[in-house]
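Residue numbers for the sequence shown follow the UniProt record's numbering, beginning at 1 and rising by one. Remarks on the structure that follows.
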Amino acid sequence: MESDIPTLPPLADADIYGSPPYWHKDGDIILTAQDNQGKEHRLRVHRLILCLHSPVFRDMSTLGMQTVNAEETPIVPLKGDDVEDIRALILVLYKGFELYGNPESLTFSGALGVLRLTHKYQMEQLRLAVVNLLQPNWPLNYEEYKRAFISLSDTEKKERLCRSVKLINVARLTDCHSLLLPAFFEVAKSDSKGWRDIINGTEVPISEDWHRIMIGKTAWLGRIKTLEVAGMFVNPQAFLWDNDLPAGQQLSVFKTRSTFLGYYKQKVCKEDARYCVAVFAALKALVGRAVLDGMSIPDACAMWHSQTFKSESACDVCTDWMVSLIRNKEEEIWENIPDDFDLPKVDPKEYKKKYVQKALV
1 MESDIPTLPP LADADIYGSP PYWHKDGDII LTAQDNQGKE HRLRVHRLIL
51 CLHSPVFRDM STLGMQTVNA EETPIVPLKG DDVEDIRALI LVLYKGFELY
101 GNPESLTFSG ALGVLRLTHK YQMEQLRLAV VNLLQPNWPL NYEEYKRAFI
151 SLSDTEKKER LCRSVKLINV ARLTDCHSLL LPAFFEVAKS DSKGWRDIIN
201 GTEVPISEDW HRIMIGKTAW LGRIKTLEVA GMFVNPQAFL WDNDLPAGQQ
251 LSVFKTRSTF LGYYKQKVCK EDARYCVAVF AALKALVGRA VLDGMSIPDA
301 CAMWHSQTFK SESACDVCTD WMVSLIRNKE EEIWENIPDD FDLPKVDPKE
351 YKKKYVQKAL V
């Protein structure tokens with residue numbers, strides 16, 4: 001009588017993770033998967049654990065599990081799944097709550113592996129849990145995102161950039177849009193040296209995403225140039241994009257200046273115009289310099305502060321006003337990532353969430 005059980009090559013004990021959570025003596029199902037060298041590995045787990053989390057495993061619980069003898073443990077090959085991803089998933093299935101309290105025990109690569117498999121096997125609750133684990137390091141809250149870079153060294157930034165590329169590819173595959181947007185932003189704002197490091201790496205964005213990056217960076221330049229246009233009175237009614245106001249209630253750029261006049265008792269502009277022309281001239285020069293230096297508009301905006309414009313002989317009112325306009329542009333750029341890069345949108349409320357950042361090694 002022929003058996004439907006696949007024939008396994010003999011495996012040395014050293015080839016098997018021989019203790020829980022990867023190998024349970026009382027496990028009633030054996031999963032097989034290959035590593036990146038094509039070598040096969042086995043994991044003995046409990047069918048109930050798999051079926052509890054996955055409708056896919058529930059549906060296949062009667063498939064591929066026939067045995068010649070009733071005493072034999074059924075074997076299910078997981079074709080196309082890397083054994084390291086399977087091990088990471090098993091770790092989360094058996095020690096999930098422990099992991100969330102101590103996220104350092106789950107590596108970044110492991111988290112991406114779990115994300116892939118929870119999507120494939122429709123483990124929605126676990127998928128969301130892994131998203132929540134990754135989200136603090138790639139948040140949709142712009143202030144939280146900037147905070148992630150405060151203390152990073154150049155080496156850490158390079159490593160994080162490579163991780164963002166990997167995250168883009170997995171987030172797109174698994175429909176994790178809240179992770180896709182900040183990761184995309186990070187790759188797009190990196191300089192040419194960072195891109196060379198990506199290209200020389202083992203994983204790169206797909207060609208469609210490279211195209212989106214180029215289009216999106218052009219959109220960033222267009223957004224900051226609206227301030228230049230307003231300053232030249234080509235479009236004196238240019239609107240200030242405000243993430244707290246609906247489109248019909250947006251203020252013009254010039255109306256926002258009155259907000260800063262309350263701090264001063266007298267006319268302080270050093271020019272006859274109703275504002276210091278110097279602040280717009282300085283902005284135009286700064287934008288041109290950033291483009292020539294290959295610096296992204298978001299990174300450039302983050303470097304411009306009050307002293308940048310005071311050195312151009314602008315008054316304090318106009319200086320503070322211009323800095324506020326630039327900070328508003330930073331928010332505008334951040335919250336319009338989906339439009340500028342043709343990516344899926346997320347609930348606007350997600351941009352206000354705050355997280356406690358956790359390290360994934």
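Every residue gets a Cβ at the ideal spot worked out from N, C-alpha and C, and that includes glycine.
Taking buried to mean at least 16 other C-beta atoms within 10 Å of its own C-beta, is His305 buried or exposed?
exposed
Under three-state DSSP, which class holds Asp175?
coil
Starting from the C-beta of Ile150, find all residues in its chain whose C-beta is less than 6 Å away, skip the five residues before and the five after it, and write them out in chain order.
none
Run through the UniProt domain "BTB" (27-96) for me and flag every whole alpha helix (DSSP H) of 4 or more residues, listed as ranges in chain order.
47-53 and 55-59
Grouping DSSP H, G and I as helix and E and B as strand, with all else coil, what is Trp304?
coil
Have a look at Phe341 and Gly216 and give me their C-alpha separation to the nearest angstrom.
5 Å
Extent of the continuous alpha helix (DSSP H) to which His24 belongs
Unbroken run through His24: none, as it is neither H nor E.
Just the C-alpha distance for Leu140 and Val56, rounded to the nearest angstrom, thanks.
31 Å
Who are the near neighbours of Leu93 in its chain, counting only those whose CB is closer than 7 Å to its CB and skipping five residues on each side?
Ile49 and His53
The region 30-49 touching the region 111-124, judged by at least three CB pairs closer than 8 Å:
no
What separation, rounded to the nearest whole angstrom, lies between the Cα atoms of Pro182 and Pro74?
43 Å
Secondary structure at Ser252, three-state DSSP: helix, strand or coil?
strand
Report back the beta-carbon spacing between Ala300 and Ala278 to the nearest angstrom; my notes put them in contact at under 8 Å.
The Cβ separation is near 19 Å, so there is no contact.
Please identify the residue among Glu331, Ala282 and Ser252 whose C-alpha is closest to the C-alpha of Ala307.
One detail in the question is off: residue 307 reads as Gln in this sequence, not Ala. Of the candidates Glu331, Ala282 and Ser252, the one whose C-alpha sits nearest the C-alpha of Gln307 is Ala282.
For Phe260, which three-state DSSP category applies?
helix
Run of the alpha helix (DSSP H) containing Trp321, from where it starts to where it stops:
Asp316 to Glu335
For Asp339, which residues of its own chain have a beta-carbon under 7 Å away from its beta-carbon, when the five flanking residues on both sides are left out?
none
Who are the Cβ neighbours of Val346 in its own chain at under 7 Å, not counting the five residues just before and after it?
Leu140, His177, Ser178 and Leu181
8 Å is my cut-off, CB to CB: does Leu343 come that close to chain D?
In summary, chain D is missing from the structure at hand, where a single protein chain is found.
Please classify Phe341: does DSSP put it in a helix, a strand, or coil?
helix
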